[in-house]
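In what follows, a structure is listed as structure tokens, so that the remarks can point back to it.
Protein chains: 2
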Amino acid sequence: MEFAYLGPRGTFTEAALRRLPAAKGAATVPMPSIPEILDAVRRGDVAAGFVPIENSQEGTVTLTVDELVGGDPLVIAGEVVLPVTFVLASAKPLAEVATVASHPHAIAQTRGYLRRELPNAAVHQALSTAQAAQRVADGEFDACVCAPFTAEAAGLPVQAFDIGDSSGAETRFVHVVRPAAPPEPTGNDITSLVVSIDHDRVGALLAVLTELAIRGINLTRIESRPTGEGLGRYAFFLDCTGHLADARMGEALTGLRRICADVRYLGSYPRDHSDRPVPHPEGLSDGDFADAAAWLERLRSGGAA
Amino acid sequence: MEFAYLGPRGTFTEAALRRLPAAKGAATVPMPSIPEILDAVRRGDVAAGFVPIENSQEGTVTLTVDELVGGDPLVIAGEVVLPVTFVLASAKPLAEVATVASHPHAIAQTRGYLRRELPNAAVHQALSTAQAAQRVADGEFDACVCAPFTAEAAGLPVQAFDIGDSSGAETRFVHVVRPAAPPEPTGNDITSLVVSIDHDRVGALLAVLTELAIRGINLTRIESRPTGEGLGRYAFFLDCTGHLADARMGEALTGLRRICADVRYLGSYPRDHSDRPVPHPEGLSDGDFADAAAWLERLRSGGAA
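Just so you know, the sequences run in chain order H and E.
To convert, note that position 152 of the first sequence is 152 in the UniProt record's numbering; the numbers rise steadily by one, no gaps.
To convert, note that position 67 of the second sequence is 67 in the UniProt record's numbering; the numbers rise steadily by one, no gaps.
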């Protein structure tokens with residue numbers, strides 16, 4: 001049961017993978033790019049992949065979204081959401097730091113701190129925060145900007161915590177497998193979908209959202225994606241509250257199937273947000289659906305309503 | 001009239017900037033990160049910035065979107081859409097290429113070609129495709145994967161054209177300035193907005209899309225963004241067809257202003273897609289609006305309808 005994740009070792013992605021319940025005790029292998037990881041999962045070379053899907057530290061995750069939207073089918077079996085925090089890691093005290101290295105995006109997100117506390121330090125770009133930390137450990141640079149976990153993995157002391165210019169940011173990672181039955185519903189799940197629509201975009205998107213809204217299904221994320229199939233075909237990546245096994249989700253999915261040019265199911269999985277439970281929508285429980293179906297059946301068979 | 005753009009020289013961004021009409025004859029200066037460029041525009045150190053906003057080659061543009069959504073106000077004054085193509089650039093014939101360098105995303109998007117044509121070459125990661133090309137020009141590596149423009153800028157011959165694994169991809173760049181009146185309407189314009197809504201996400205988003213749809217305004221892009229303001233507040237980045245000066249856009253904007261927690265106008269600007277004209281929506285021209293307003297005025301003043 002091997003997990004391939006976006007390497008190198010010591011990055012945010014490895015820190016996140018350690019928090020995924022399904023990865024407990026599993027062997028993990030770093031791989032250099034998102035498409036290679038997803039292809040390895042598709043071929044069955046590894047049992048699962050673990051990649052960022054919303055992330056501002058180490059580069060785009062357009063690759064992840066577009067592989068899930070357009071590549072051979074894969075499904076999401078879990079997610080991990082990590083708060084984004086940066087530290088200044090160095091074996092030297094701040095006053096002796098003359099060079100700082102990091103990934104360009106991590107530098108960009110800590111530039112207020114660097115300008116204020118290390119105005120005279122030369123700033124160097126690295127391929128990843130983990131590579132920067134390794135180069136500090138090797139003595140090439142004095143300090144690096146990285147996650148606390150990355151500093152720990154490289155054996156570097158932390159000279160300053162929480163040096164990001166803005167707080168509250170999160171990075172989201174997904175556990176990806178070949179098409180399979182989803183994990184059991186937990187009552188706080190996400191179902192990810194790609195819906196493709198033709199013609200007028202606003203009108204068709206209104207119809208899609210209506211299918212969700214009338215079943216009490218909320219969106220936690222929506223993003224339009226180019227389809228590469230020419231004019232007039234649009235794809236939307238949707239994260240919806242609820243589970244494939246819920247009656248209301250089943251009815252919404254069949255509604256989307258009827259009105260969309262294409263619907264790709266990308267998995268139902270537990271939400272990694274214990275602080276955001278999904279309110280139970282009134283009249284939309286599985287029991288409500290069963291009652292209503294039984295009532296319709298009685299009507300159709302000529303019985304008493 | 002200086003344009004700051006995402007450097008270094010020789011990347012896709014510089015190639016795109018050369019196609020922006022407003023930049024003709026302007027001095028251009030490369031800067032190392034998107035936030036630095038946008039801050040330089042805000043301070044007035046440069047007249048304009050030019051940054052990627054949808055891009056899969058050189059890293060995330062979450063930074064651009066989030067700066068426009070949440071930073072001090074800026075507006076978009078123009079866009080450039082470039083098709084994404086990769087070449088193999090080298091002074092050596094393919095048979096003599098033992099090492100290839102590029103940005104990790106460019107490597108990922110040409111891995112089919114590299115596996116097929118250069119199965120024995122060692123692949124090295126670089127900070128950007130332009131840095132890879134420079135290192136090839138310096139003799140450190142044999143070949144690089146980059147855009148045709150980047151090879152030309154580095155003085156490298158192209159050994160193979162169009163080596164990307166998928167075609168049809170585009171990269172989109174925006175011309176950003178301090179808040180100002182938009183360029184004149186061209187009949188094929190985009191208006192970019194950020195709308196913030198509270199409470200139920202699907203229901204509130206349905207209301208937003210309805211305000212657009214009933215005025216014949218289409219969406220060319222929608223993306224939800226975290227607001228960092230805690231639970232229950234959602235922000236959507238919208239690209240809408242039409243111009244601020246259009247009567248129907250004016251009515252839609254006032255409708256959004258009434259129903260949304262916040263609406264941030266991000267500019268109206270000509271669309272860089274000559275092949276996708278916006279159809280004139282029936283009954284929604286400025287003349288139709290003027291006729292209808294005059295009719296209502298007559299009714300209210302007790303005149304003949």
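Quick reminder that beta carbons are idealized off the backbone N, C-alpha and C, glycines included.
Contact set between Arg116 (chain H) and chain E, taken where Cβ atoms lie within less than 8 Å: Walking along the first sequence from the start, residue 116 (chain H) turns up at place 116. Result: empty, since nearest Cβ-Cβ is about 14 Å, beyond 8 Å.
Identified DSSP bridge partners for Ile197 (chain H): In the first sequence, residue 197 (chain H) corresponds to position 197, counting from 1. Its beta-bridge partners are H:Tyr234.
Distance CB(Val84 (chain E))-CB(Asp272 (chain E)) smaller than 8 Å: Against the second sequence, residue 84 (chain E) aligns to sequence position 84. Against the second sequence, residue 272 (chain E) aligns to sequence position 272. Judged by beta-carbon spacing, Asp272 (chain E) lies beyond the 8 Å limit of Val84 (chain E), meaning their Cβ atoms are not closer than that value.
Per-residue contacts from Thr210 (chain E) into chain H (C-beta, under 9 Å): Position 210 of the second sequence, counted from the first residue, corresponds to residue 210 (chain E). What Thr210 (chain E) touches in chain H: Val202, Leu206.
Pro104 (chain H) vs Arg264 (chain H) beta-carbon contact at 8 Å: On the first sequence, position 104 is the one that residue 104 (chain H) refers to. On the first sequence, position 264 is the one that residue 264 (chain H) refers to. It is not a contact, given that the beta carbons lie outside the stated cut-off.
Unbroken beta strand (DSSP E) run spanning Thr28 (chain H), endpoints: Numbered from its first residue, the first sequence carries residue 28 (chain H) at position 28. Here the beta strand (DSSP E) through Thr28 (chain H) covers 27-31.
Glu223 (chain E) - partner residues in DSSP beta bridges: If you number the second sequence from 1, residue 223 (chain E) lands on position 223. As computed with DSSP, Glu223 (chain E) is found in a beta bridge with H:Glu223, E:Phe237.
Ile217 (chain H) in three-state terms, based on DSSP: Residue 217 (chain H) sits at position 217 when you count from the first residue of the first sequence. The three-state secondary structure of Ile217 (chain H), taken from DSSP, is coil.
CA nearest to the CA of Arg221 (chain E), picked from H:Val202, H:Ala293, H:Cys146: For the purposes of this step, residue 221 (chain E) is taken as residue 221 along the second sequence, with counting starting at 1. Checked all of H:Val202, H:Ala293, H:Cys146; the closest Cα to Arg221 (chain E) is H:Val202.
With 16 other Cβ atoms within 10 Å as the buried cut-off, status of Pro21 (chain E): Locating residue 21 (chain E) in the second sequence gives position 21, where the first residue counts as 1. So Pro21 (chain E) ends up on the exposed side.
Chain E residues whose Cβ lies nearer than 8 Å to that of Ile222 (chain H): Within the first sequence, numbered from 1, the residue matching residue 222 (chain H) stands at position 222. In chain order: Leu205, Ile222, Glu223, Ser224, Phe236.
Straight-line Cα distance separating Gly10 (chain E) from Ala151 (chain E): As a working mapping, residue 151 (chain E) is identified with position 151 in the second sequence. As a working mapping, residue 10 (chain E) is identified with position 10 in the second sequence. CA-CA distance, Ala151 (chain E) to Gly10 (chain E), rounds to 8 Å.
Any chain E beta carbon closer than 8 Å to Gln159 (chain H): As a working note, residue 159 (chain H) is residue 159 in the first sequence. No, because no Cβ of chain E sits closer than 8 Å to the Cβ of Gln159 (chain H).
is_contact[Leu256 (chain E), chain H] using C-beta, thresh 8 Å: For the purposes of this step, residue 256 (chain E) is taken as residue 256 along the second sequence, with counting starting at 1. Judged by the 8 Å Cβ criterion, Leu256 (chain E) is not in contact with chain H.
Chain E contact for Pro32 (chain H) (CB, 8 Å cutoff): As a first step, residue 32 (chain H) is located in the first sequence; it is residue number 32 there, counting from the start. For Pro32 (chain H), at least one C-beta of chain E is nearer than 8 Å to its own C-beta.
Alpha helix (DSSP H) segments (min. 4 residues) lying fully within the region 36-94 of chain E: Segments of the alpha helix (DSSP H) lying fully in the region 36-94 of chain E: 62-70.
Length of the line joining the Cα atoms of Phe236 (chain H) and Thr129 (chain E): For the purposes of this step, residue 236 (chain H) is taken as residue 236 along the first sequence, with counting starting at 1. For the purposes of this step, residue 129 (chain E) is taken as residue 129 along the second sequence, with counting starting at 1. If you draw a straight line from the Cα of Phe236 (chain H) to the Cα of Thr129 (chain E), it is about 30 Å long.
CB contact below 8 Å: Gln125 (chain H) versus chain E: Counting from 1 along the first sequence, the entry for residue 125 (chain H) is found at position 125. Yes, its Cβ sits closer than 8 Å to a Cβ of chain E.
Residues that DSSP places opposite Pro119 (chain E) in a beta bridge: Residue numbering aside, residue 119 (chain E) sits at position 119 when the second sequence is read from its first letter. In the DSSP output, where bridge partners are listed per residue, Pro119 (chain E) has none listed.
Other residues of its chain near Pro157 (chain H): CB distance less than 8 Å, five sequence neighbours each side excluded: Taking the first sequence and counting its residues from 1, the one referred to as residue 157 (chain H) is at position 157. For Pro157 (chain H), where only same-chain residues beyond five positions count, the Cβ hits under 8 Å are Ala89, Ser90, Ala91, Ala151.
Straight-line Cα distance separating Val75 (chain H) from Ala180 (chain H): What you label residue 180 (chain H) is simply residue 180 of the first sequence in a count that begins at 1. What you label residue 75 (chain H) is simply residue 75 of the first sequence in a count that begins at 1. Rounded to the nearest angstrom, the two C-alpha atoms are 7 Å apart.
DSSP beta-bridge partners of Gln125 (chain H): To locate residue 125 (chain H), count along the first sequence from 1; it is residue 125. According to DSSP, Gln125 (chain H) shares a beta bridge with H:Ser102.
Residue range of the unbroken alpha helix (DSSP H) whose run includes Ala153 (chain E): Here the question's residue 153 (chain E) lines up with position 153 in the second sequence. According to the DSSP assignment, Ala153 (chain E) belongs to the alpha helix (DSSP H) that extends over 148-153.
Identified DSSP bridge partners for Leu6 (chain H): For this step, residue 6 (chain H) is matched to residue 6 along the first sequence. Leu6 (chain H) pairs with H:Met31.
Top-ranked residue by Cα proximity to Thr241 (chain E), from E:Val145, E:Thr186, E:Asn120, E:Phe289: Counting from 1 along the second sequence, the entry for residue 241 (chain E) is found at position 241. The residue from E:Val145, E:Thr186, E:Asn120, E:Phe289 with its alpha-carbon nearest to that of Thr241 (chain E) is E:Thr186.
Spatial neighbours of Pro32 (chain H) in its chain, beta-carbon cut-off 7 Å, leaving aside the 5 residues before and after: Within the first sequence, residue 32 (chain H) is the residue found at index 32, counting from 1. Here the set comprises Gly7.
First and last residue of the uninterrupted alpha helix (DSSP H) at Thr254 (chain H): Taking the first residue of the first sequence as 1, we reach residue 254 (chain H) at position 254. First-last of the alpha helix (DSSP H) with Thr254 (chain H): 247-259.
Exposed unless 16 or more other CB atoms sit within 10 angstroms - verdict on Met1 (chain H): For this step, residue 1 (chain H) is matched to residue 1 along the first sequence. Met1 (chain H) is exposed by the Cβ-count criterion.
Simplified DSSP state of Arg111 (chain E), which is helix, strand or coil: Sequence index remark: in the second sequence, residue 111 (chain E) carries index 111 (1-based). Helix.
As assigned by DSSP and simplified to three states, the class of Thr11 (chain E): Locating residue 11 (chain E) in the second sequence gives position 11, where the first residue counts as 1. Per DSSP, reduced to three states, the secondary structure at Thr11 (chain E) is coil, with no helix or strand assignment.
Cβ contact (3+ pairs, closer than 8 Å) linking the region 105-115 of chain E and the region 32-43 of chain H: A contact exists between the region 105-115 of chain E and the region 32-43 of chain H.
Within-8 Å CB hit, Pro281 (chain E) to chain H: Taking the first residue of the second sequence as position 1, residue 281 (chain E) is located at position 281. No, Pro281 (chain E) lies away from the interface with chain H (no Cβ there is under 8 Å from its Cβ).
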